[in-house]
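Structure, as structure tokens:
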Amino acid sequence: MNPYVLMILLSSLGLGTTLTFASSHWLLAWMGLEINTLAIVPLMAQHHHPRAVEATTKYFLTQATAAAMIMFAGTTNAWITGEWDMNNMSSPVAATMVITALALKIGLAPMHFWMPEVLQGLDLLTGLILSTWQKLAPFALIVQTAQAVDPMLLTVLGLSSTLIGGWGGLNQAQLRKVLAYSSIAHMGWMIIVLQYAPQLTLLALGTYIFMTAAAFLTLKMSSATKINTLATVWSKSPILTSTTALVLLSLGGLPPLTGFMPKWLILQELAKQNLPITATVMALAALLSLYFYLRLCYAMTLTISPNTVASTTPWRMKTAQASLPLALSTTVALGLLPMTPAVLMLAT
């Protein structure tokens with residue numbers, strides 16, 4: 367892609383998200399979301415592969431549907447209350463429509479069906495943008511409108527997302543689909559605690575972004591898109607293989623890695639709110655996710671290739687990818703757990 371065009375598209379992505387962050391008016395927020403969607407569509411379709419075009423079409427249709435629902439909900443709320451302000455969502459119908467549309471935008475279950483299919487059709491870097499940056503603007507709106515929404519709806523969205531994100535990833539052989547289901551499960555963790563401690567939602571979102579960035583950049587570095595390709599990575603870069611296994615376990619939420627911190631604090635908060643059953647179901651759903659991360663770790667570190675795998679061992683080519691973003695995201699994804707007391711002090 368032409369570097370000038372790429373620069374315009376990336377700056378439009380930044381502009382759309384910033385516009386949504388800064389707005390308290392439904393029309394401006396909707397405009398920011400639309401700029402975001404229109405800026406990523408050419409990035410998704412840039413390879414002109416039939417799968418990429420199909421993924422782009424699916425993404426565009428779902429985002430357009432969600433945007434239309436947001437506009438309709440904003441108009442309904444303005445009709446009832448007489449103003450477009452986001453903080454005045456006094457109509458329960460409009461609030462429910464908004465949260466449903468935003469759930470469709472970020473891929474929360476049961477509106478998650480587009481997410482694995484779209485991510486599977488993209489290259490890894492565009493998939494990274496879709497899994498991290500594109501979640502920020504809708505999440506800002508969810509955080510602003512969550513207090514007006516029925517708490518039971520948020521709980522159902524959170525529980526169904528963690529369960530479906532765990533179940534869906536068990537059967538996958540494609541790494542991008544595994545990461546899509548991982549994303550759905552993490553979104554569930556963020557939504558479940560939103561009504562009780564929004565600062566924990568933001569903490570979970572921050573750690574999720576760093577862990578997912580580390581996972582995607584690692585796969586990009588090793589050019590792996592299937593599980594059995596992972597078995598051949600150790601011969602090319604053994605150190606990268608060991609850090610990748612740790613990043614995957616961090617995504618699963620194992621101590622003493624960064625991923626344990628948000629899960630621990632969220633379960634603690636749910637227990638404080640006298641919701642032991644919800645906390646137990648969330649913890650059990652985390653075990654489902656952990657299983658498929660362990661499956662990837664097993665394929666990477668405990669399978670000797672090519673004896674047990676049909677894939678050929680890759681050539682030891684020098685990669686053109688910059689290793690600094692990967693190093694930074696991996697460090698953050700592995701080593702932040704000791705900073706939990708400082709994070710808690712900042713969050714309260």
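Per my numbering, the sequence shown runs over residues 367 to 714. Just so you know, even glycine gets a beta-carbon here, dropped at the ideal spot from N, CA and C.
**Prompt:** Does the Cβ of H414 have 16 or more other Cβ atoms within 10 Å, making it buried, or fewer, making it exposed?
**Reply:** Counting every other CB atom within 10 Å of its CB across the protein chains shown gives H414 a total below 16, marking it as exposed.
**Asked** Taking just the CA atoms, how far does P604 sit from A433?
**Response** 45 Å
**Request:** Per DSSP, which residues does D451 bridge with? Please list them.
**Result:** H391
**Message:** For M477 and M553, what's the separation of their Cα atoms in angstroms?
**Reply:** 12 Å
**Prompt:** What do you reckon, are the CB atoms on L409 and G398 nearer than 7 Å?
**Reply:** 7 Å or more divides the Cβ of L409 from the Cβ of G398.
**Nearest neighbour of A460, chosen from F505, T447, L470 [CA to CA]** = Closest by alpha carbon: T447.
**Segment contact, 8 Å Cβ cut-off, at least three pairs: the stretch 625–638 with the stretch 662–670** = no
**Request:** Count the other C-beta atoms from every protein chain shown that fall within 10 angstroms of the C-beta of M367, then say buried if there are 16 or more, exposed otherwise.
**Result:** exposed
**Message:** At the level of alpha carbons, what is the spacing between P691 and M587?
**Reply:** 11 Å
**Message:** Using a 10 Å radius around the Cβ and a threshold of 16 neighbouring Cβ atoms, would you call R542 buried or exposed?
**Reply:** buried
**Asked** So T498 and I575 are in contact, right, with Cβ under 8 Å, and what is the actual spacing, rounded?
**Response** 5 Å
**Item:** Local conformation of K602 per DSSP, three classes
**Value:** DSSP places K602 in coil when its eight states are reduced to three.
**Asked** Whole-angstrom Cβ separation of T598 and T696, contact assumed at under 8 Å?
**Response** Not quite, the Cβ-Cβ distance comes to about 20 Å (not below 8 Å), so this is no contact.
**Prompt:** According to DSSP, what are the bridge partners of K592?
**Reply:** Q540
**Message:** Assuming F505 is part of the alpha helix (DSSP H), what are its boundary residues?
**Reply:** Counting along the chain, F505 sits inside the alpha helix (DSSP H) bounded by residues 499–511.
**Request:** Please name the residue, chosen from I495, L636, P622, Q500, that lies closest to P704 on a Cα-to-Cα basis.
**Result:** P622
**Request:** Could you check what DSSP says for Y562 in three-state terms: helix, strand or coil?
**Result:** coil
**Prompt:** Are W450 and W396 closer than 7 Å when you measure CB to CB?
**Reply:** Contact: no.
**Request:** Express the C-alpha separation of T706 and T422 in angstroms, rounding to a whole number.
**Result:** 39 Å
**Item:** Residue range of the unbroken alpha helix (DSSP H) whose run includes S526
**Value:** 517–535
**Message:** Just to confirm, is the Cβ distance from V647 to L523 under 7 Å?
**Reply:** no
**Message:** Need the endpoints of the alpha helix (DSSP H) that T669 sits in, please.
**Reply:** Per DSSP, T669 is not a residue of any alpha helix (DSSP H), being assigned neither H nor E.
**Prompt:** In three-state terms, what does DSSP make of T624?
**Reply:** In this structure, T624 counts as coil in the three-state DSSP scheme.
**Request:** Quick one: using the 10 Å Cβ neighbour count with 16 as the cut-off for buried, is W555 buried or exposed?
**Result:** buried
**Message:** Rounded to the nearest angstrom, what separates P416 and P482 at their Cα positions?
**Reply:** One C-alpha to the other measures close to 16 Å.
**Message:** If I follow the unbroken alpha helix (DSSP H) through P704, where does it start and stop?
**Reply:** That residue, P704, is in no alpha helix (DSSP H); it is neither H nor E in DSSP.
**Request:** Spatial neighbours of L375 within its chain, please: CB distance less than 7 Å, with the 5 preceding and 5 following residues excluded, ordered by chain position.
**Result:** The residues A405, P408, L409, in chain order, have a CB closer than 7 Å to that of L375 in the same chain once the five nearest residues on each side in sequence are set aside.
**Asked** Could you give the residue range of the alpha helix (DSSP H) that holds L468?
**Response** 458–472
**Range covered by the alpha helix (DSSP H) that runs through Q486** = 480–486
**Asked** Cα separation between S601 and Q500?
**Response** C-alpha separation (whole angstroms): 35 Å.
**Prompt:** By how many angstroms is the C-alpha of L653 removed from the C-alpha of G382?
**Reply:** 36 Å
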